Structures are given as C-alpha cells and as structure tokens.
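Going by my numbering, 125 is the number at position 124 of the sequence shown; the sequence numbering is gapless. As structure tokens, the structure follows; a few thoughts come after it.
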Amino acid sequence: MDSRWLLIFADALLILHTMLVVFVILGLVATFAGYFCQWRWVRNFWFRLSHLIVIGVVVLQSWLGVLCPLTTWEMALRAKAGEAGYEGSFIQHWLQSILYYSAPDWVFILAYTVFGALVLASWFVVRPER
C-alpha cells in the first residue's frame with residue numbers, strides 16, 4: 002500500500018482517538034451541567050452507557066499496562082509508512098507535545114481511575130433513563 006494512504010489511515014485513527022477523548026471528557030462535563038440545567042438528553046441510557054464503557058476500557062487498559070489498540074494501530078501504520086511514531090500512551094504523548102507535561106505512568110493510571118470513578122458516580126447522581 003502507498004505510504005500516503007497509510008498516513009491518511011493513521012491520521013484518521015488519530016482523529017478518532019481524539020474524538021473519543023473529547024467524548025469522555027465533555028460527556029462527564031455535560032452530564033453534570035445537564036443535571037443542573039435540567040437537560041433531559043444527558044439522561045439518555047445509550048449515551049451514558051457508551052460513555053461508561055469507553056472510560057471503563059481506558060481504566061482497565063491502564064491497570065493492565067496495555068496501550069490502547071488505537072495507539073498501537075496508529076503507530077504501526079506510521080512505522081509502515083516510514084514515519085516515526087511515538088512512545089507511551091496517546092494521552093502521555095499529546096500532553097507532553099502540547100503542554101510539555103510529563104509524569105510517571107502511575108499518575109496517568111490514577112487520573113484515569115479517578116475520572117472513571119466520577120463517571121461511575123454520575124450514574125447515581127444523574128440517573129440514566131431508558
């Protein structure tokens with residue numbers, strides 16, 4: 002396959018990964034904002050379930066020390082196209098690239114776990130409806 006297409010697919014994975022991160026972060030913010038603003042859509046069962054599943058997968062991967070498959074796939078495509086990949090997790094790489102922030106793995110594991118606990122707690126504070 003032409004390296005140009007490999008890079009296009011790698012960039013598409015990067016965009017998908019970014020969208021999932023934004024979904025997880027803004028999903029929690031929207032859930033609590035929606036509680037106070039009485040937005041009914043934040044109680045949608047399928048929205049809330051997908052939100053919980055995505056952060057649950059992130060937390061489980063961090064506990065197991067496994068990189069996200071999207072990160073692994075993106076880096077493999079970039080390597081096959083002859084472009085340098087990056088080391089570590091998607092979040093670690095972009096935080097360091099954007100914010101010049103670096104931390105040990107346990108900091109990210111703790112952050113994912115706390116965030117996952119907040120998402121789980123939101124199920125009891127802002128109960129989803131079917």
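Glycine included, C-beta positions come from ideal geometry on N, C-alpha and C. From a predicted model like this one, the values you see are computed outputs, not experimental measurements.
For a quick check, are the C-beta atoms of residue i and residue j less than 7 angstroms apart?
i      : j      : result
Trp64  : Leu14  : no
Thr32  : Val115 : no
Arg131 : Phe48  : no
Thr18  : Leu68  : The sequence shown places His at residue 18, rather than the Thr named in the question. No, the Cβ-Cβ distance between His18 and Leu68 is not below 7 angstroms.
Using DSSP with H/G/I as helix, E/B as strand and the rest coil, what is residue i?
i      : result
Glu75  : helix
Leu100 : Note that Leu100 scores 45 on pLDDT, short of 50, meaning its location in the model is unreliable and no value can be drawn from it.
What residues in its chain sit with their C-beta under 6 angstroms from that of residue i, if we drop five residues either side in the sequence?
i      : result
Gly28  : His52
Leu78  : Leu7, Phe10, Ala11
Gly117 : Ile56, Val60
Excluding five sequence neighbours on each side, which residues of the same chain lie with their C-beta closer than 8 angstroms to the C-beta of residue i?
i     : result
Trp40 : Ala31, Ala34
Arg44 : Gly35, Val127, Arg128, Pro129, Glu130
So residue i is in the alpha helix (DSSP H); what residue range does that whole segment cover?
i      : result
Gly57  : 46-65
Val25  : 4-38
Leu111 : 106-126
Which residues in the same chain as residue i place their Cβ atom closer than 7 angstroms to its Cβ, once the five residues preceding and following it in sequence are excluded?
i      : result
Val55  : Leu21, Phe24, Val25
Tyr113 : Val59, Val60, Ser63
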